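In the numbering used here, the protein residues as written are 1 to 295.
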Amino acid sequence: MEKAGMNRRKLFTLIVLVIGILPFLVISLAPLIGSIFRTGPTTPITTPSPTAQAADTVKKYEAEETGYQAVLEREPDNIAALEGLINARLQLIGLGKRPVETIITPLERLTTLNPTQPQYAVLLAQAQEQAGKPEEAARTYQTVLDKNPTNINALRGLAQLELKQDRPEAALGLVQDAIQTLKTAPETPESQENLLAVNLILGDIYMSRQDYAQALTHFTQLAQDHPNDFRPILGQAIALKSEGKSADAAPLFNQAVSLAPPQVKDKIKRLAAANTPNAATSPAPSSTDSPTPAP
């Protein structure tokens, strides 16, 4: 039982890495699951043979994969084994040893067995999208939104998908409907944070359409309403930089750095220093980006 709990914590840590449990500003709307492809085991400086270490790491996760598959042959609905198998395959995907398709089937089963855990469905949708199945991904996102029209990760994922499919009006409508739903909901700290998160997604959409003036107006209003949150201020800075107004953006980047959590300050500084005329092509940092996110 303890081992199952540890597997679950490991899996949820990976889900945090992949999709981000907390809302954050993502100007580029890049595929969120792609972050797992950049997370692999690091090689200590004292290790004499990085190649040998990488091979040992691959063998480790391949052995875990085989073990969990054996359990699932006997107990196909064993949730801990499904989570462990997905965890092992995510690691192998990060090492370039498995295609993303290999997590789809176990994620489908896990999603079916855990209908009240939307993060599984969101991760499934991202895997489907990465595997070149956008219509399946859209349907999976929609199943989450049918139960909770303001689920932030599903909204962000489906809006991103609509934009990639050249359906900007659909993305706008989706997010605007969610904003109206949240405005009429009872006011709680959670609903207010979700409203801000959905408004940040709306700003992302404006940026993705290169409608920098509207994005700037939108982020400026959000910054006035949430003066202690770095994300709207960062949105203002990136919108200005994208318009070629780097001098105007500089103090806003500095303000965002002062308000941001420590783990994203360096990323904001790199955005501010970037020479690209369109800062929107660089993903903005996540408030969950951390080398050791909490499970």
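Don't be surprised by glycine CBs; every beta carbon is placed ideally from N, CA and C. No experiment lies behind these values; they were computed from the predicted model shown.
By the Cβ neighbour-count rule, residue 126 is buried, with 16 or more other Cβ atoms within 10 Å of its own. Boundaries for residue 167: no alpha helix (DSSP H) harbours it, and the DSSP string shows neither H nor E there. With the rule of 3 Cβ pairs closer than 8 Å, the stretch 87 to 97 does not count as touching the stretch 107 to 116. For residue 208, the closest C-alpha among the options 145, 159, 101 and 133 is that of 159. Check the Cα spacing between residue 105 and each of 194, 221 and 121: the tightest is with 121.
Around the C-beta of residue 187, fewer than 16 other C-beta atoms lie within 10 Å, and the residue is accordingly described as exposed. Counting only runs of at least 4 residues, the stretch 84 to 135 fully encloses the following alpha helix (DSSP H) elements, listed from N- to C-terminal order: 104 to 113 and 118 to 130.
Here residue 194 is buried. Its C-beta has 16 or more other C-beta atoms within 10 Å.
Cβ-Cβ separation between residue 236 and residue 219: approximately 4 Å, consistent with a contact (criterion under 8 Å).
Within the same chain, Cβ atoms closer than 6 Å to the Cβ of residue 185 are found at 191, the five residues on either side in sequence being excluded. Inclusion of residue 161 and residue 141 in the CB contact set at 8 Å is warranted, their separation being smaller than that value.
Residue 273 holds the alpha-carbon nearest to the alpha-carbon of residue 253 among 273, 243 and 261. Per DSSP, the unbroken alpha helix (DSSP H) holding residue 192 starts and ends at 189 to 208. Per DSSP, residue 227 is not a residue of any alpha helix (DSSP H), being assigned neither H nor E. In the three-state reduction of the DSSP assignment, residue 137 falls in the helix class, which pools H, G and I. Taking the Cα of residue 60 as reference, the smallest distance to any Cα among 147, 148, 263 and 84 is reached at 84.
When the beta-carbon positions are compared, residue 80 and residue 64 stay at least 8 Å from each other.
Taking each of 197, 132, 206 and 183 in turn and checking the Cα distance to residue 168, the smallest one comes out for 206. Under the DSSP assignment, residue 269 falls in the alpha helix (DSSP H) whose first and last residues are 262 to 273. Bounds of the alpha helix (DSSP H) holding residue 251 are 246 to 259. Between the alpha carbons of residue 71 and residue 147 lies a distance of about 32 Å.
In chain order, 212 place their CB closer than 6 Å to the CB of residue 243, counting only its own chain and leaving out the 5 sequence neighbours on each side. Collapsing the DSSP output to three states places residue 185 in coil.
In the displayed model, residue 150 falls within coil according to three-state DSSP, outside both helix and strand. Straight-line spacing of the CA atoms in residue 67 and residue 86 works out to 12 Å.
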